[in-house]
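Here the structure comes first, spelled out in structure tokens, and everything after it is commentary.
In this note's numbering, the protein residues as written are 3 to 288.
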């Protein structure tokens, strides 16, 4: 037991995360997503909305620490509105709701005066696009009748990327990927995620989506690029704000934002890829 404890501590130190709580939280989140989609897809939209609202609270707290005060309640209302519009109106609903929410946020900032207006407006716009807008594509993935299959395929892709980047980075990582942004990430971890996410995508597309395996391989490649970019962007935000995690709600992960970072950037890419495939199949190209 002492040896196992030492190994676990060594892994935690190298990866910068507690391994066992991280695994438990990940499995719980996957179970929640599957249950919501299997029982009623609208519940999944509600889960996404709650996650976005919690993420906005974390982002607000982080911004406040560096003297940027975004309108929390206005952004929360906008987030709920965007998620509802996406569920009921699809991509058009998301686009129109975002177009309405953005100027409304700026107007609501006017009573504060002109001091720090640009800084506050920019941070508010970032929060609006980063969270409810990008998260809207998770809801878009779940809207069709095969929403369960689409979202679970997405879970496989993002899970492969995160898990195998973590494992190969811990076991073989020697060369930093972006030392000034995220010192724990390595080139070896990226290569590991690339290999296993492409393989996972091929398997998921074939057995879950009933599509050609090579489409899944391409989706896996796209996921590695977008998810890793999202992870690095959130790391850059945290490093600029001098914080380790956005929150502490999820043991082994940090906050909601620390779990959504890669998901938010990968979801629009996969939604677009699936839309292109669907239209190509309808036109007889595939």
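Here a beta-carbon is modelled for each residue, glycine too, at the ideal position from N, C-alpha and C.
In this text, all values refer to a predicted model and were calculated from it rather than measured experimentally.
*From the DSSP output, which residues share a beta bridge with residue 124?*
According to DSSP, which records beta bridges pairwise, residue 124 is partnered with nothing at all.
*With burial defined as no fewer than 16 other Cβ atoms inside 10 Å of the residue's Cβ, what is the status of residue 176: buried or exposed?*
Burial is judged here by how many other beta carbons sit within 10 angstroms of a residue's own beta carbon; residue 176 has fewer than 16 and is exposed.
*How many angstroms separate the CA atom of residue 48 from the CA atom of residue 68?*
Cα to Cα, the separation comes out at about 31 Å.
*Note down the Cα distance separating residue 38 from residue 44, rounded to an integer number of angstroms.*
Taking the straight line joining both Cα atoms gives about 8 Å.
*Exposed or buried, residue 153, counting other C-beta atoms within 10 Å across all chains shown (16 or more means buried)?*
Burial call: buried.
_Between the CA atoms of residue 73 and residue 146 - distance to the nearest angstrom_ = Between residue 146 and residue 73, the C-alpha separation is close to 34 Å.
*Taking residue 267 as the reference, which of 135, 32 and 195 has the closest Cα?*
Nearest of 135, 32 and 195 to residue 267, Cα basis: 135.
_Other residues of its chain near residue 77: CB distance less than 6 Å, five sequence neighbours each side excluded_ = Counting only Cβ-Cβ distances below 6 Å, and skipping sequence neighbours, we find 58 and 129.
*Whose C-beta lies closer than 8 Å to the C-beta of residue 104 among residues of the same chain, with five residues either side of it excluded?*
Once the five neighbours on either side are set aside, the close Cβ partners of residue 104 are 127 and 130.
*Leaving out five residues before and five after residue 6 in sequence, what residues of the same chain have Cβ atoms less than 7 Å from its Cβ?*
The predicted model places residue 6 with a pLDDT of 43, which falls under 50 and marks its position as unreliable; any figure quoted below should be read in that light. Here the set comprises nothing.
_For residue 81, the three-state DSSP class (helix, strand or coil)_ = Three-state result, residue 81: helix.
*asked:* If you follow the beta strand (DSSP E) that residue 373 is in, where does it begin and where does it stop?
replied: The requested residue 373 is not part of the displayed model; the chain covers only 3 to 288.
*Buried versus exposed, by CB contacts within 10 Å (16 or more), residue 173*: Of the other Cβ atoms in all chains shown, fewer than 16 fall within 10 Å of the Cβ of residue 173; this residue is therefore exposed.
*Under the three-state DSSP convention, the category residue 73 falls into*: In the structure shown, the three-state DSSP call for residue 73 is coil.
_Strictly by DSSP, which residues pair up with residue 180?_
For residue 180, DSSP records a beta bridge to 184.
*Between residue 265 and residue 229, what straight-line distance do the alpha-carbon atoms span, to the nearest angstrom?*
Answer to the nearest angstrom: the Cα atoms are 6 Å apart.
_Within 10 Å of its beta-carbon, does residue 157 have 16 or more other beta-carbons around it, so buried, or fewer, so exposed?_
Buried, since its Cβ has 16 or more Cβ neighbours within 10 Å.
_Please identify the residue among 168, 204 and 200 whose C-alpha is closest to the C-alpha of residue 189._
Here the closest residue by C-alpha is 168.
*Under 6 Å Cβ to Cβ from residue 95, same chain only, skipping five residues before and after it: list those, please.*
Cβ within range, chain order: 87 and 88.
*What's the call for residue 273, buried or exposed, on a 16-neighbour Cβ count within 10 Å?*
Result: buried.
*Would you identify the three-state DSSP class for residue 145, choosing helix, strand or coil?*
Three-state result, residue 145: coil.
*Closest residue to residue 208 among 225, 259, 196 and 155 (Cα-Cα distance)*: The shortest Cα separation from residue 208 among 225, 259, 196 and 155 belongs to 155.
_Quick check on DSSP: helix, strand or coil for residue 30?_
Note: residue 30 maps to helix in three-state DSSP.
*How close, in whole Å, do the beta carbons of residue 141 and residue 50 come, if the pair is a contact with beta carbons under 8 Å?*
Right, their Cβ atoms sit about 6 Å apart.
*Smallest Cα separation from residue 236: which of 132, 139, 275 and 120?*
Out of 132, 139, 275 and 120, the CA that lies nearest to the CA of residue 236 is found in 132.
*Which class does residue 169 belong to by DSSP, given the choice of helix, strand or coil?*
In the structure shown, residue 169 sits in a helix (DSSP, three-state: H, G or I).
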